[in-house]
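**Student:** What follows is a structure written as structure tokens; I'll ask about it next.
In the numbering used here, the protein residues as written are 3 to 416.
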């Protein structure tokens, strides 16, 4: 690539317009498998949009949420996706702090995942609002923020800030690569280091949302924020490894073994840390007993015939333990099938642990000690599937634009 050279405003106006046109063409053209995938995601997203329209028309009565369990499947997915967004930083740290060349070539994959994940987070927040037209109250300068007291205010700030940081970094690097110039470090490296700290903050603030609620003893744990980060740094790399395997198979982009090896090493450490903290929490709950342990007992063993969460939680525990055993296998990164199974198990296990296994038990029993179970309604499943499909659409489009540019198959001077 040529050294960075100053260009006139007219040059950038022309080249950036060309960049946007080619990006649009890349995002909308491809093989028949690409079209089948995009049509499938679009159909699922439309089903979700229709279900959300019904929910807006009839109200939250169409969901299974009640006064007793006011957060359900939407906030469960939101919590998991915040971790998935934060998990993308596990590619940024080795690439920019430890100068890992293999990781540096593929770091854009993790940054684009963060963008798609935050978009899904915001969509789940909107879906959870009974009156989505009041969303403007959460906008800085427009709405009335109870800042800095409200943790929700902090969450809105850090999520939108992280989204803007990754949009700038990815957009700048892609545009510079497109026009064949070396990126100017002062325009993106400081933002990269800010994004590393910011990624940790988004999940920490989300954890503080829960453990700061004094009336919910199930969440009142000092380990909640560290566990959030540990699971994020499991699920994020697991999903990225699956994406890298697909990219290696379906595109001309080279994915170095070093990148996968580094991600596996990170997962080995973080999943063991998560299991250690889980065992510590279970010991505290079950050995000491007391009224505050009722939520944990209900979650694992049920209560007076109410056991809606029991299959979820035990499935998560079994999946995570099996994945841990598979990951600890020597040279597992060289065994693609084993690694794929381990990553899928981690992804599903953490999704349950951070979602149905974390949000719902916090409300059962209620603060009035009433037992009301929660099972997501069909509307909630459809809306959730639609949002996931929309997020995968965004991620697919971002990858479809980024990969040809980063492999130099598309250049602005060609």
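We put the beta carbon where it would ideally sit given N, CA and C, even for glycine. Predicted model only: the values in this text are computed from it and were never measured.
Who are the near neighbours of residue 174 in its chain, counting only those whose CB is closer than 8 Å to its CB and skipping five residues on each side?
**Tutor:** Only 185, 189, 190 meet the Cβ criterion.
**Student:** Among the candidates 133, 283, 329, whose CA atom is the shortest distance from the CA of residue 222?
**Tutor:** Considering only alpha carbons, the answer is 283.
**Student:** On the three-pair Cβ rule with 8 Å, is the segment 79-90 touching the segment 221-241?
**Tutor:** Yes, the segment 79-90 is in contact with the segment 221-241.
**Student:** Rounding to the nearest angstrom, what Cα-Cα distance links residue 177 and residue 338 in this structure?
**Tutor:** So the alpha carbons of these two residues sit roughly 33 Å apart.
**Student:** Mark residue 45 as exposed unless 16 or more other C-beta atoms lie within 10 angstroms of its C-beta, in which case mark it buried.
**Tutor:** The residue is exposed, with fewer than 16 neighbouring Cβ atoms inside 10 Å.
**Student:** Ignore the nearest five residues each way along the sequence and tell me which others in residue 137's own chain have a CB closer than 7 Å to its CB.
**Tutor:** The residues are 128, 131.
**Student:** Would you list the one or two residues that DSSP bridges to residue 305?
**Tutor:** Its beta-bridge partners are 308.
**Student:** According to the neighbour-count rule (16 or more other Cβ atoms, all chains shown, within 10 Å of its Cβ), is residue 390 buried or exposed?
**Tutor:** Buried: at least 16 other Cβ atoms inside 10 Å.
**Student:** Do you know how far the Cα of residue 299 is from the Cα of residue 41?
**Tutor:** Looking at the two C-alpha atoms, the distance is approximately 44 Å.
**Student:** Between the alpha carbons of residue 204 and residue 90, how many angstroms are there, rounded?
**Tutor:** Taking the straight line joining both Cα atoms gives about 12 Å.
**Student:** Can you check whether the CB of residue 213 is closer than 7 Å to the CB of residue 226?
**Tutor:** Against a cut-off of 7 Å, the Cβ pair of residue 213 and residue 226 comes out as a contact.
**Student:** For residue 287 and residue 243, I'd like the C-alpha separation in whole angstroms.
**Tutor:** Rounded to whole angstroms, residue 287 to residue 243 spans 35 Å at the Cα level.
**Student:** Going straight from the alpha carbon of residue 19 to that of residue 31, what length do you get?
**Tutor:** If I take the Cα positions, the gap works out to 19 Å.
**Student:** Under the three-state reduction of DSSP, which class applies to residue 219: helix, strand or coil?
**Tutor:** DSSP places residue 219 in helix when its eight states are reduced to three.
**Student:** What are the boundary residues of the alpha helix (DSSP H) that residue 333 is part of?
**Tutor:** Neither: residue 333 is in no alpha helix (DSSP H) and is coded neither H nor E.
**Student:** Hey, residue 369 and residue 217: beta-carbon distance below 7 Å or not?
**Tutor:** Going by C-beta atoms, residue 369 is nearer than 7 Å to residue 217.
**Student:** Just verifying my parser: in three-state terms, what is the DSSP assignment at residue 292?
**Tutor:** Note: residue 292 maps to coil in three-state DSSP.
**Student:** So, is residue 34 buried or exposed, given that buried needs 16 or more other C-beta atoms within 10 angstroms?
**Tutor:** Classification of residue 34: exposed, given that the 10 Å Cβ count is below 16.
**Student:** Leaving aside the five residues before and after residue 24 along the sequence, list all residues of the same chain whose C-beta is less than 7 Å from its C-beta, in chain order.
**Tutor:** Excluding positions up to five away in sequence, the list reads 412.
**Student:** Here's a check: name, in chain order, each residue in its chain whose Cβ is nearer than 8 Å to the Cβ of residue 39, leaving out the five neighbours to either side.
**Tutor:** Closer than 8 Å at Cβ, skipping near neighbours: 398.
**Student:** How long is the line joining the alpha carbons of residue 402 and residue 303, rounded to whole angstroms?
**Tutor:** Each residue's alpha carbon lies about 46 Å from the other.
**Student:** Flag this pair as touching only if the segment 97-113 and the segment 247-264 have three or more C-beta atom pairs under 8 Å; answer yes or no.
**Tutor:** The segment 97-113 vs the segment 247-264: in contact.
**Student:** Can you find the residues in the same chain that come closer than 6 Å, C-beta to C-beta, to residue 73, ignoring five residues on each side of it along the sequence?
**Tutor:** Once the five neighbours on either side are set aside, the close Cβ partners of residue 73 are 361.
**Student:** So, is residue 6 buried or exposed, given that buried needs 16 or more other C-beta atoms within 10 angstroms?
**Tutor:** Residue placement at residue 6 is poorly supported in this model, since its pLDDT is 49, which falls under 50; the coordinates are not used for a value here.
**Student:** Exposed or buried, which one is residue 69 when buried takes at least 16 other CB atoms within 10 Å?
**Tutor:** Residue 69 should be labelled exposed.
**Student:** Take residue 379 and list the residues in its own chain whose beta-carbon comes closer than 6 Å to its own, dropping the five residues that flank it on each side.
**Tutor:** So the list reads 65, 66, once near-sequence residues are dropped.
**Student:** Whole angstroms is fine: what's the gap from residue 71's alpha carbon to residue 187's?
**Tutor:** About 48 Å.
**Student:** Going by CA-CA distance only, name the one from 334, 278, 348, 208 that's closest to residue 155.
**Tutor:** Nearest option by C-alpha distance: 208.
**Student:** Measure the alpha-carbon distance for residue 194 versus residue 292 and round it to whole angstroms.
**Tutor:** Approximately 46 Å, taken between the alpha carbons.
**Student:** Quick one: Cα of residue 395 to Cα of residue 382, how far?
**Tutor:** Their Cα atoms are separated by approximately 20 Å.
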